[in-house]
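Read the structure below first, then the notes.
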């Protein structure tokens, strides 16, 4: 087969795919996704920034401040987390929010361990001698299913300052009896880098929080770790958003923990419970609205009111702070629920906005709230009078449930009137 | 319209079709190709630094190369993810979509199915060299491979395609591929 033959195959494939007379990708769909990503990024950067303020001497980087859900036709927009309609000329609001460290990072924390990233085949003699301020304290405590997980460990803050930040890279390192790494994530893989804030820790001094450890894969063939006796280390690398490599990270460490993998065991729900007073949330779009009344002690503070009246094309996109009234581990996110004539008329938010949180009581984290103002069928909501409420929801993974998770309301905002035009 | 939206519009208009075809040749599925292209734009324009680079300091052909590289990385990364997912998917629910996607692949016709026989790195080399008309050296730089490796992949790829396209029709029928 020569070069012309190959080119012919490629042309035929394009014909077969119906792309010969295709006009190219859908610009509107691309714009929608880019816009969503930029919103999430700004919100996440803002989250990292606010959390960092409490981290004196640990990690300091600065991000844009959060501002109100502004009125339409705001002339100039800077440091704004949303893509709110505006008559502002060409300034890109997101471009004004920095996600880079600014100036002196405040000095390296003294209490972090030296970061390590063992790879497959390495002879790993153990963790560095210097103890980290955050310590991963517990192993599985019993046999695990194939893959060596999931299991629940505990993360303890031995320092005098709160540790708060995004976990950019959670690595489980499994070694055999010879101390050779036989299973781990591949730290050289791009896949493990750059995830924008999918795990967030905020642990007060002296506090200990549960933290789920995922299954891992055997070196060589990337199959789930099979039955056997091993030792495991857990490494949680906390760092700046959009990290590009290990040098940008600080690391919590723990191990070695005995790890017994039993192929006959089935994955079970991890023993993580919602905070007392949480209300299970099963309401779906179209259901009758019944206001949940959680008594968790969690506080949801909107940084601005939901603007009304507004066009149905004018997405709600705002900032809020959530203060944990009790220790919590789970996926925490806000949902804007719209109600009309006593019925919920909005679907739940997309799961890509969700972040696993492990928070001490009293931790305060920013959580944005958005709504694209579409109805149960995905079409734009008609003009009219609505009521809106923001719920802070907690999802706890449960492999046995139909949805894969149990969801609870831990906090609510006031119900406000909303007029869509 | 903000700066990134204007940039997006220009890039889609001038380079969208070619990027879409490149993505399709890599993955062999139209919807996946659209997703790859969309995600590449998200990678480039969804982040402040990337967007600033593209909107202010980059020629259009450079932006196209930037996007193409993102598509390549996404394609190769997704292959790695699929390998890992293959190892653990029995631990999770929701296999239906994976299987239906496989069924769709089975239904595809000759040239696309032949391309599907190529390993990801080989396929990337073939597409860049024979569709994007990049030299061996350029392909090597794009994929961070040695030139000798690229030459070997191209040779392997041609051989695999020759065998795939020479397979008798009844071979397809016997494995349920031709419908």
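Chains as they are written, first to last, in this note's numbering: chain A, 28 to 448; chain B, 1182 to 1360.
Where a beta carbon is used, it is the ideal one built from N, C-alpha and C, also for glycine.
Using alpha carbons as the reference points, say which of the options lies closest to residue i.
i	options	result
residue 201 of chain A	A:368, A:193, A:244, A:187	A:244
residue 261 of chain A	A:145, A:402, A:365	A:145
residue 304 of chain A	A:321, A:407, A:433, A:289	A:321
residue 408 of chain A	A:394, A:422, A:419, A:374	A:374
residue 1255 of chain B	B:1297, B:1203, B:1292	B:1203
residue 1318 of chain B	B:1332, B:1305, B:1205	B:1332
residue 199 of chain A	A:190, A:166, A:41, A:189	A:166
residue 226 of chain A	A:47, A:406, A:263, A:445	A:263
residue 171 of chain A	A:259, A:234, A:444, A:282	A:259
residue 237 of chain A	A:250, A:416, A:44, A:302	A:302
residue 18 of chain A	A:385, A:336, A:255	Only positions 28 to 448 of chain A appear in the structure, and residue 18 of chain A is not among them; the question remains open.
residue 332 of chain A	A:239, A:254, A:442, A:36	A:442
residue 1208 of chain B	B:1292, B:1190, B:1347	B:1292
residue 405 of chain A	A:437, A:387, A:419, A:372	A:372
residue 1337 of chain B	B:1296, B:1313, B:1226	B:1296
residue 153 of chain A	A:46, A:48, A:281, A:42	A:281
residue 414 of chain A	A:316, A:53, A:42	A:316
residue 367 of chain A	A:376, A:445, A:437	A:445
residue 327 of chain A	A:438, A:46, A:255	A:438
residue 1313 of chain B	B:1341, B:1245, B:1189, B:1329	B:1245
Thinking C-beta only, is residue j closer than 8 Å to residue i?
i	j	result
residue 265 of chain A	residue 193 of chain A	yes
residue 1325 of chain B	residue 1309 of chain B	no
residue 397 of chain A	residue 344 of chain A	yes
residue 284 of chain A	residue 206 of chain A	no
residue 394 of chain A	residue 435 of chain A	no
residue 231 of chain A	residue 389 of chain A	yes
residue 392 of chain A	residue 229 of chain A	yes
residue 189 of chain A	residue 307 of chain A	no
residue 290 of chain A	residue 173 of chain A	yes
residue 400 of chain A	residue 339 of chain A	yes
residue 1200 of chain B	residue 1248 of chain B	yes
residue 353 of chain A	residue 313 of chain A	no
residue 246 of chain A	residue 209 of chain A	yes
residue 1251 of chain B	residue 1298 of chain B	no
residue 329 of chain A	residue 416 of chain A	no
residue 447 of chain A	residue 334 of chain A	no
residue 1257 of chain B	residue 1305 of chain B	yes
Does the beta-carbon of residue i have 16 or more other beta-carbons within 10 angstroms, so that it is buried, or is it exposed?
i	result
residue 1194 of chain B	exposed
residue 59 of chain A	exposed
residue 148 of chain A	exposed
residue 298 of chain A	exposed
residue 412 of chain A	exposed
residue 1214 of chain B	buried
residue 182 of chain A	buried
residue 168 of chain A	exposed
residue 1220 of chain B	buried
Which value, in whole angstroms, describes the spacing of the CA atoms of residue i and residue j?
i	j	result
residue 1243 of chain B	residue 38 of chain A	25 Å
residue 1223 of chain B	residue 143 of chain A	31 Å
residue 28 of chain A	residue 1343 of chain B	6 Å
residue 421 of chain A	residue 310 of chain A	14 Å
residue 355 of chain A	residue 383 of chain A	10 Å
residue 1218 of chain B	residue 55 of chain A	13 Å
residue 62 of chain A	residue 1205 of chain B	24 Å
residue 1187 of chain B	residue 203 of chain A	55 Å
residue 1303 of chain B	residue 1335 of chain B	7 Å
residue 293 of chain A	residue 424 of chain A	15 Å
residue 1339 of chain B	residue 44 of chain A	21 Å
residue 219 of chain A	residue 212 of chain A	Annotation note: pLDDT 45 at residue 219 of chain A (below 50); position unreliable, no value reported.
residue 250 of chain A	residue 365 of chain A	45 Å
residue 295 of chain A	residue 431 of chain A	11 Å
residue 191 of chain A	residue 179 of chain A	20 Å
residue 31 of chain A	residue 1315 of chain B	15 Å
residue 1307 of chain B	residue 1301 of chain B	10 Å
residue 440 of chain A	residue 318 of chain A	11 Å
residue 387 of chain A	residue 241 of chain A	21 Å
residue 187 of chain A	residue 279 of chain A	15 Å
residue 1197 of chain B	residue 34 of chain A	20 Å
residue 1226 of chain B	residue 197 of chain A	27 Å
residue 1294 of chain B	residue 48 of chain A	21 Å
residue 177 of chain A	residue 286 of chain A	12 Å
residue 112 of chain A	residue 42 of chain A	Unreliable placement is indicated for residue 112 of chain A, whose pLDDT of 34 sits below 50; the coordinate value is still reported in the next sentence. Cα to Cα, residue 112 of chain A sits roughly 41 Å from residue 42 of chain A.
residue 1216 of chain B	residue 256 of chain A	42 Å
Going along chain C in order, which residues have a C-beta closer than 7 Å to the C-beta of residue i?
i	result
residue 1307 of chain B	In the displayed structure, chain C is absent; the protein chains listed are A and B.
Run the proximity test for residue i: is its beta-carbon closer than 7 Å to any non-hydrogen atom belonging to the ligand SAH?
i	result
residue 179 of chain A	Of the ligands one can find in the structure shown there are none, so the ligand SAH has no counterpart to examine.
Three or more C-beta pairs under 8 Å: does that hold for the stretch 157-169 of chain A against the stretch 347-360 of chain A?
Judged by Cβ distances under 8 Å, the stretch 157-169 of chain A makes no contact with the stretch 347-360 of chain A, as fewer than three pairs qualify.
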